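Visitor: Protein chains in written order, with my numbering: chain A, 1 to 140; chain B, 1 to 140. Ideal Cβ positions, reconstructed from N, Cα and C, are used throughout, including at glycine. Computed from a prediction, not measured in an experiment: that's the story for all the values here. This is the structure I have questions about; it appears just below.
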């Protein structure tokens, strides 16, 4: 259970980590549980068109997680950006085949942060020492 | 001016169209005006690392919009997803060099929808008849 004193940034980063844990452990049940049920969801896998609606999104994860050739994935340099009941995380996904950069959007649904959107696309590298940037520092 | 009776979906789609108009007309001033000033902003151009903060994001647009070799861009199949004072648009960008799919996130800032994040990445094609999907239809 997420503690009541956990900051919202930390709670959204926790939800983001749960996504990559479900991805890397091929846990379809956990993957299903972390996507929103009330809000409509969308997902853009690298090179794919946008998937719209829970059925299409979960069907894609079923195919990806059950495919033995799917890559292992590790998440790096997550930074959460909070806007009330909506938050998004930018992070890097390291795979054997290369590096992706992702936008993951979450909403609070019955007190829990749920994923509503994921887009990952190719990038060249994971920036060094990128994790200590605080979005609040840039507010003017 | 945006009329008071314009739906929030339409207002966010309007802001999204303003982004592509600024992009395609190489209008740096318009581009600068449509990014948020209070909220921190981020931007992921295709193949790039994530840019963080207004200075880095606007510097990238200055470089892109002033480069005569930058591609012309056209926006297709925009669908807005609203969550209170946050909205995101998924759309396709058609360029001479290929097709991109984008996630554009907006927040309401002093009554106007401003961009806070853009990610575009390669995709294969623009789906046919994709624009009439209504996110609200999928709410369970």
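1) Between the C-alpha atoms of residue 107(A) and residue 40(B), what's the straight-line distance to the nearest angstrom?
2) Could you pull the DSSP bridge partners for residue 124(B) from this structure?
3) In chain A, which residues lie less than 7 Å from residue 119(B) when you measure between Cβ atoms?
4) Taking a contact to mean a Cβ-Cβ separation below 8 Å, would you say residue 116(B) touches residue 36(B) in this structure?
5) Under a CB-based cut-off of 8 Å, is residue 44(A) close to chain B?
6) Can you list, in chain order, the residues of its chain with a C-beta nearer than 7 Å to that of residue 22(A)? Leave out the 5 residues immediately preceding and following it.
7) Counting Cβ pairs, one atom from each stretch, are 3 or more of them under 8 Å apart for the segment 70-83 of chain A and the segment 92-105 of chain A?
8) What residues of chain A sit near residue 90(B), judged by a beta carbon separation below 9 Å?
9) Comparing the C-beta of residue 107(A) with each C-beta of chain B, is any distance below 8 Å?
10) Just the Cα atoms here: how many angstroms apart are residue 55(B) and residue 68(A)?
11) Quick one, are the C-beta atoms of residue 121(A) and residue 62(B) less than 8 Å apart?
12) Check the Cβ of residue 124(B) against every Cβ in chain A and list those closer than 9 Å, keeping chain order.
13) In whole angstroms, what separates the C-alpha of residue 20(B) from that of residue 112(A)?
Guide: Checking against the coordinates, here is how it stands:
1) If you take the alpha carbons of residue 107(A) and residue 40(B), they lie about 18 Å apart.
2) For residue 124(B), which the question treats as bridged, DSSP gives no partner whatsoever.
3) For residue 119(B), the chain A residues whose C-beta falls within less than 7 Å of its own C-beta are 103, 119 and 121, listed in chain order.
4) Closer than 8 Å, so yes.
5) The beta-carbon of residue 44(A) is placed less than 8 Å from the nearest beta-carbon of chain B.
6) So the list reads 30, 31 and 34, once near-sequence residues are dropped.
7) These segments touch.
8) Within 9 Å Cβ-Cβ: 42, 44, 50, 52, 117 and 119.
9) Chain B has a Cβ within less than 8 Å of the Cβ of residue 107(A).
10) Residue 55(B) and residue 68(A) have their C-alpha atoms spaced approximately 43 Å apart.
11) No, the pair does not count as a contact, with Cβ atoms beyond the cut-off.
12) The answer, in chain order, is 47, 48 and 49.
13) Approximately 35 Å, taken between the alpha carbons.
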